[in-house]
Amino acid sequence: MVQATFHFPRGFLWGTATAAYQVEGNNINSNWYAWEQEPGRIIHGDKSGLACDWWNGRWREDFRRAAEGAQNAHRMSIEWSRVQPAPDRWDEQAIDRYVEMVRGLAELNMTPLITLHHFSDPVWFVEKGGWESEAAAGYFEKYVRKIVQALKDYAGLWCTINEPNGYAMNGFATGLFPPGKKNTGLAFKVMVNLVRAHAAAYHAIHQIQPQARVGMANYYRSLTSAKTWSPLDRLVTHLLAGFNDIFPSAATNGVVRFIAYRDRVPEAKGTQDFLGIDYYTRDYVKFNPFHIEELFGERFYRSDAELSTTGFLANEPLGMFEALKWGLKYNLPIIITENGFDDSEDRIRPRYMVEHIHQVWRAVNFNWAIKGYFHWTLVDNFEWERGWSQRFGLWELNLDTQARHKRPSADLYAEICRENGISDDMVRRYAPAAIPGLFPD
Ligand code: BGC
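Positions 0 to 440 (numbering that gives the first Met the number 0) are the ones given, in order, by the sequence shown.
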């Protein structure tokens with residue numbers, strides 16, 4: 000029986016990631032709130048409602064849970080529509096509350112990683128043309144300046160925009176997110192404006208806080224050709240994989256590029272101090288002449304893959320290693336800004352967690368500069384168009400009572416964070432099925 004511990008470097012950041020709209024409740028000035036009221040937009044007609052009730056103060060107990068679980072960092076976001084409910088109005092009380100929350104993290108010895116945009120926009124901003132408008136970056140920069148001024152004494156690690164590639168595609172190409180448009184050309188226009196907004200935010204943050212470290216949470220989808228011998232499968236896989244690079248590469252060289260599309264945003268050159276990676280799963284891709292909107296690619300999971308409760312994700316830990324290897328080309332420190340599994344019964348999550356963190360450890364052992372891991376998420380939350388149907392939390396949430404119930408994964412994660420590593424003993428107790436893969440005899 001092999002006994003061993005996979006250790007991580009000292010100072011490694013261990014945390015969970017959350018997003019304001021998904022946990023705060025009653026964000027009535029957000030475009031998502033309006034979207035929720037439209038029939039057919041959210042599965043089962045679910046509403047975010049009180050969500051995890053953070054805005055009424057339950058962030059305190061949840062931060063305490065995270066700290067007691069030995070997490071030394073937390074990724075949270077600021078809701079723009081709360082801070083600036085109208086173009087000419089700042090809500091100073093809301094800002095004070097965010098200051099209190101971020102100070103709350105510092106008091107618990109947790110490093111805050113602050114996301115400034117996580118899928119949700121103020122209604123007034125959308126009315127002024129939203130991300131389709133060239134004015135977007137200017138509005139965003141003003142809001143960013145206001146927040147960074149307010150939080151700069153407590154936070155120094157910033158994520159400007161969460162998954163801008165996914166956000167643009169969902170809002171403007173597949174139509175799953177507001178504003179629900181289905182126009183790929185428009186999605187590219189939006190991407191360019193998002194790159195401009197990121198760049199403006201990057202420069203503004205550094206002006207206010209020169210020592211800041213600023214990045215984005217880049218959504219990385221691992222894609223493998225269904226038939227490696229098929230040139231068409233390989234071609235569509237290659238084309239789709241280009242989505243992963245649009246933002247990090249624009250933030251490197253100032254060019255927004257995808258297949259034949261090309262646009263220059265010179266101010267975006269060199270605007271990442273770290274590379275954030277959100278990795279969840281891997282797809283197989285085959286050519287399908289009818290899938291025009293997905294560049295003739297059809298994505299699916301391996302037939303023998305372990306799927307999450309709703310079939311939304313497959314447990315594909317090798318994709319994590321691949322994501323980190325992909326990230327090397329940007330020559331930046333890497334933070335895994337999200338990784339998680341929807342699993343209401345916590346049946347597969349412990350295994351998913353150790354297998355993915357094990358891949359991170361492998362990468363660390365190549366001396367790749369990986370600085371932290373944020374699990375998605377702390378407490379079950381409102382999962383966008385999937386409403387409450389998906390349960391990603393280390394803690395289960397009872398929506399009727401707001402009671403939290405600890406899942407075994409929360410204890411496992413606490414042991415990993417406390418140990419700053421994974422031991423065979425932990426894996427035997429929480430995810431014995433992972434033993435042969437991680438600690439072979
Ligand atoms: C998003 C989160 C979301 C999670 C799980 C990520 O793409 O950043 O907001 O809840 O996936 O669906």
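All residues carry an ideal CB built from backbone N, CA and C; glycine is no exception. In this text the structure is predicted, and so the values were computed from the model without any measurement.
In this structure Ala240 does not touch Thr114 by the C-beta definition: roughly 25 Å separates them, more than the 8 Å allowed. When DSSP states are grouped into helix, strand and coil, Thr400 belongs to the coil group. If you draw a straight line from the Cα of Leu437 to the Cα of Glu37, it is about 47 Å long.
Between the alpha carbons of His237 and Glu126 lies a distance of about 37 Å. Secondary structure of Met75 (DSSP, three-state): strand. Below 8 Å, too few C-beta pairs join the stretch 45 to 54 and the stretch 102 to 112 to call them touching: fewer than three. Counting only runs of 3 or more residues that sit fully inside the stretch 146 to 220, the beta strand (DSSP E) segments are 156 to 161, in chain order.
The beta carbon of Gly318 lies closer than 6 Å to those of Ser221 and Arg281 in the same chain, with the five residues before and after it left out.
Between the stretch 344 to 363 and the stretch 259 to 275 there are fewer than three inter-stretch CB-CB distances shorter than 8 Å, so the stretches are not counted as touching. In the DSSP assignment, Thr110 falls within the beta strand (DSSP E) that extends over Thr110 to His116. By alpha-carbon distance to Leu411, the top candidate from Ala430, Gly24 and His404 is Ala430. With contacts defined as CB atoms closer than 8 Å, Val264 and Val378 fail to qualify as a contacting pair. In this structure, the alpha-carbon of Trp58 lies about 20 Å from that of Gly155. Of all alpha-carbon atoms in Arg385, Lys324 and Phe187, the one lying nearest the alpha-carbon of Ile258 is that of Phe187. Taking every protein chain shown into account, the CB of Gly39 has fewer than 16 other CB atoms within 10 angstroms, so this residue is exposed.
Closest in C-alpha terms to Glu395, from the list Gly420, Arg64 and Arg385, comes Arg64. Taken through DSSP and simplified to helix, strand or coil, Arg144 comes out as helix. Counting along the chain, the unbroken alpha helix (DSSP H) around Arg350 starts and ends at Arg348 to Val363.
For Gly436, the enclosing alpha helix (DSSP H) begins and ends at Ile434 to Leu437. By the criterion of at least three beta-carbon pairs nearer than 8 Å, the stretch 200 to 216 is not in contact with the stretch 285 to 303. Distances taken from the Cβ of Asp277 to the heavy atoms of the ligand BGC include one shorter than 7 Å. Separation of Arg428 and Ala134 (C-alpha to C-alpha, rounded to the nearest whole angstrom) is 54 Å. With respect to Pro332, Ala362 sits apart: the two C-beta atoms are not nearer than 8 Å. The stretch 12 to 28 makes contact with the stretch 376 to 391: 3 or more CB pairs, one atom from each, lie closer than 8 Å.
Excluding the 5 residues flanking it on each side, Ala249 has same chain C-beta neighbours closer than 7 Å at Val194, Val255, Val264 and Ala267, in chain order.
Secondary structure of Ser307 (DSSP, three-state): coil. With a cutoff of 8 Å on beta-carbon distance, Gly339 and Phe391 are scored as near each other.
Apart from sequence neighbours up to five positions away, the residues of its chain that approach Thr223 with a beta-carbon distance below 8 Å are Thr236, Arg281, Asp282, Tyr283 and Val284, ordered along the chain. Taking non-hydrogen atoms of the ligand BGC into account, the C-beta of Gln401 is found less than 7 Å away from none of them. Between the ligand BGC and the CB of Asn161, the shortest heavy atom gap is smaller than 7 Å. Rounded to the nearest whole angstrom, the C-alpha separation of Ile146 and Gln358 is 35 Å.
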